[in-house]
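Engineer: In our numbering, the protein residues as written are 20 to 195. Submitted below is the structure of interest, expressed as structure tokens.
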């Protein structure tokens, strides 16, 4: 994992702010790798689904106790002023909150802006869920939020930073 420069705040992509971290993390276990990265920048582990569910489901290491960090001690590299996104959703959410309908009420979604979108369709090309199609009558790509998995790859690849996050109508209930 290249963490020489990270992204903090309201990312991914051009909406966030670059943050010098100065680290390269190497491993053969994605759950362990993410765990080390999250601890490096001081994020709340309980809000990172890929790690908590990875441990629970046995997709890699089963707990932090199974992770061996070699090289510089993590404590010597820790970033203490890293800014997490304000829009982070509380972790550990289970059905029915993972259904498409409920997800749209509680989880922020990527929304393209008509004033900045140039119709390059990078968003559509990289969408792993196939949730984005050609422009609608408003002149912006059309998003199917029932299919959208909220990976935010569209935001990350948008060269114009033309995609904002819109909070779910009931997201305020999830504040921690």
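Cβ coordinates follow ideal geometry from the N, Cα and C atoms, glycine included.
Buried or exposed: where does residue 68 fall if 16 or more other Cβ atoms within 10 Å of its Cβ makes it buried?
Structural biologist: The residue is exposed, with fewer than 16 neighbouring Cβ atoms inside 10 Å.
Engineer: Comparing C-alpha positions only, which one of 77, 84 and 88 sits nearest to residue 43?
Structural biologist: The shortest C-alpha separation from residue 43 is found at 88.
Engineer: Rounded to the nearest angstrom, what separates residue 185 and residue 176 at their Cα positions?
Structural biologist: So the two alpha carbons sit approximately 18 Å from each other.
Engineer: Drop a sphere of 10 angstroms on the beta-carbon of residue 149, count the other beta-carbons inside from all chains shown, and report buried for 16 or more, exposed for fewer.
Structural biologist: Residue 149 is exposed by the Cβ-count criterion.
Engineer: Tell me the rounded alpha-carbon separation between residue 56 and residue 139.
Structural biologist: Cα to Cα, the separation comes out at about 32 Å.
Engineer: Just to confirm the assignment: which complete alpha helix (DSSP H) runs, minimum length 4, are found wholly within the region 121-157?
Structural biologist: Listed in chain order, they are 141-145.
Engineer: What runs of the alpha helix (DSSP H), each 4 residues or longer, lie entirely inside the region 28-77?
Structural biologist: Listed in chain order, they are 49-60 and 68-76.
Engineer: Less than 7 Å between C-beta atoms, sequence neighbours within five positions excluded: which residues of the same chain meet that for residue 159?
Structural biologist: Here the set comprises 131, 133 and 136.
Engineer: Cα separation between residue 155 and residue 36?
Structural biologist: Using only the alpha carbons, I get a separation of about 30 Å.
Engineer: Quick one: what does DSSP say residue 84 is sitting in, helix, strand or coil?
Structural biologist: Correct three-state label for residue 84: helix.
Engineer: Could you give the distance in angstroms between the alpha-carbon of residue 22 and the alpha-carbon of residue 45?
Structural biologist: Using only the alpha carbons, I get a separation of about 10 Å.
Engineer: Kindly indicate which residue of 157, 126 and 161 has the alpha-carbon position closest to the one of residue 142.
Structural biologist: Selected option, being the one with the closest Cα: 161.
Engineer: Going by Cα to Cα distance, which pick from 64, 146 and 157 is closest to residue 167?
Structural biologist: Considering only alpha carbons, the answer is 146.
Engineer: For residue 47, does the count of other Cβ atoms within 10 angstroms reach 16, so buried, or fall short, so exposed?
Structural biologist: So residue 47 counts as exposed.
Engineer: Cutting at 7 Å between CB atoms, please list the residues of its own chain near residue 83, excluding the five before and the five after it.
Structural biologist: Counting only Cβ-Cβ distances below 7 Å, and skipping sequence neighbours, we find 54.
Engineer: So residue 40 and residue 86 are supposed to be a Cβ contact under 8 Å. How far apart are they, rounded?
Structural biologist: In fact, because the Cβ distance is near 19 Å, the residues do not count as touching under 8 Å.
Engineer: Over the uninterrupted beta strand (DSSP E) stretch that includes residue 183, give me the two end residues.
Structural biologist: From DSSP, the beta strand (DSSP E) with residue 183 extends over 182-185.
Engineer: Is there a C-beta anywhere in chain B that falls below 8 Å from the one on residue 80?
Structural biologist: Absent from the structure: chain B. Only one protein chain is present.
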